[in-house]
Structures are given as structure tokens and as C-alpha cells.
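To keep things clear, I will list the structure first and then write my remarks on it.
In the working numbering, the protein residues as written are 54 to 296.
Below you can see the structure in the form of C-alpha cells.
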């Protein structure tokens, strides 16, 4: 039945078409980013967490992830190998969790109060009611980078010729976005960010600086590492067309 196919599809880590591998690093990282705000504040109640899970700003992006994976399944996946599947999942989870939900709906539009409060503690540029750099970046993530990630995911899983150029474009947008987000704080001496100049490594500093803020560099260094493969593919395609 369709229901059994869906459950098998999302729940079997060794299956070629699976959306979620239980050992997939992107899925684990996304889970950590979602769980921290839910349990960071002692005053957060189970009712607050239930409201969080029932909020359209949470399950909407989750449906986008499931829907995109199901579309690929219906259109026919190609066995691109485990490494390529892992790359594809990086773009899929980025689209739903980071671009749509966290930086977009939470960061730019103050949705999901549990999350929004943590964003504002992490970076004073959030929740000001004015158009700041993070707000603009979040809007771009919703309307530009999330669709790019979904298109890249689809192209990789279908092994389409557009996969390599789309991946390069998406990776480059991640690098530019991360630099635009973090560079002003470095240049201005971190006026809006919780820092840890004395290396105290308290839970507060670890949560908001060492993890919360410095995690942005993942979207600089990881894209740089991932660029090699699609760059080589684009070069090979250009050479084959000119010969």
C-alpha cells in the first residue's frame, strides 16, 4: 500500500530511496538544532513543546522535506551511490530546517516562540522590528536558497545534467550568505553576539557562541569542500561539448 511504501521509504536507513538515514550527519545535526531550543530554558513546559510541534511554522517545513523526497521517489530515483545520496540529503534538510524554518520563519518573521527567544539571545539583530542583515538573509533563504536546495536535491537524486551547475550555485549562495551574516560582527567587534573572550566554556557560552554562532562557519567550509565534485563535473561537461 502507499502507506507502507511511505513508512518504508522514510524509515529504512539502508534503502536506496530513503529520505532519512539514522546515521546521516545532516539529520542528526538538524535534530540537535531543534532539540536545544525545546529544552534550553527550564521554564519551558511540555505544553510549550507541544505547541511548538503543532505550529504550522514547524510542521510546514517538515512537510516540504517529506514532500520533496516523495516527489523524487515518484519520479524515479537513480542509484547515485551512498556519498551522492548523503550530499543530496544535505540540501534537502537545509531547505526545510535551516532555510525555511529556522533562519526564515523564526529569524526573519519571529515564528515559533521557543525558537525565536533563542535566536534573540544568540544575536541581538533578531527581533528588533527593523530590517537588519540577518532578517534580509532569512528572507533570501526562504525565497531563493530553499528552492535552490530543493532543485539541487531533486537533480542529484535523479542524476540530471543540471545537478552539477545547480549544486555549484547553491554552494556559492551558502558561502556568500554565511559571510554576509558573520562578517559585520567580526568587523565591529561582536556588538550583538554573545562571545566567550575568557574561554569560560560555560553552558551559556557553548550554546550561544561556540555552537550557535560559530556553527555558521559550517556553511562556509563545508560548501568549499563540496565544490570540488560539481566543479569537475561542469569542467568535464564543457570539455566534452567543445571537443
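Using N, Cα and C, we set each Cβ at its ideal position, and we do this for glycine too.
Just so it is clear, the structure is predicted and the values come from calculations on it, not from any experiment.
Among the options, nearest to residue i - alpha-carbon criterion
i: residue 151; options: 231, 214, 96, 279; result: 231
i: residue 233; options: 250, 273, 260; result: 273
i: residue 145; options: 167, 136, 121, 88; result: 121
i: residue 80; options: 163, 176, 118; result: 118
i: residue 162; options: 228, 135, 191; result: 191
i: residue 132; options: 236, 208, 288, 287; result: 208
i: residue 237; options: 283, 100, 185, 171; result: 185
C-alpha gap between residue i and residue j, whole angstroms
i: residue 221; j: residue 142; result: 16 Å
i: residue 280; j: residue 223; result: 10 Å
i: residue 204; j: residue 251; result: 44 Å
i: residue 134; j: residue 213; result: 14 Å
i: residue 167; j: residue 188; result: 18 Å
i: residue 323; j: residue 235; result: Look at the range of the chain in this structure, 54 to 296, and you will see that residue 323 is not part of it.
i: residue 92; j: residue 256; result: 13 Å
Pair within 8 Å by beta-carbon distance, residue i and residue j
i: residue 153; j: residue 89; result: no
i: residue 202; j: residue 148; result: yes
i: residue 165; j: residue 243; result: no
i: residue 156; j: residue 245; result: no
i: residue 226; j: residue 198; result: yes
i: residue 125; j: residue 211; result: yes
i: residue 217; j: residue 130; result: no
Residue i - containing alpha helix (DSSP H), residue span
i: residue 177; result: Per DSSP, residue 177 belongs to no alpha helix (DSSP H) and is neither H nor E.
i: residue 131; result: No alpha helix (DSSP H) contains residue 131, which DSSP labels as neither H nor E.
i: residue 238; result: 216-241
i: residue 274; result: 271-279
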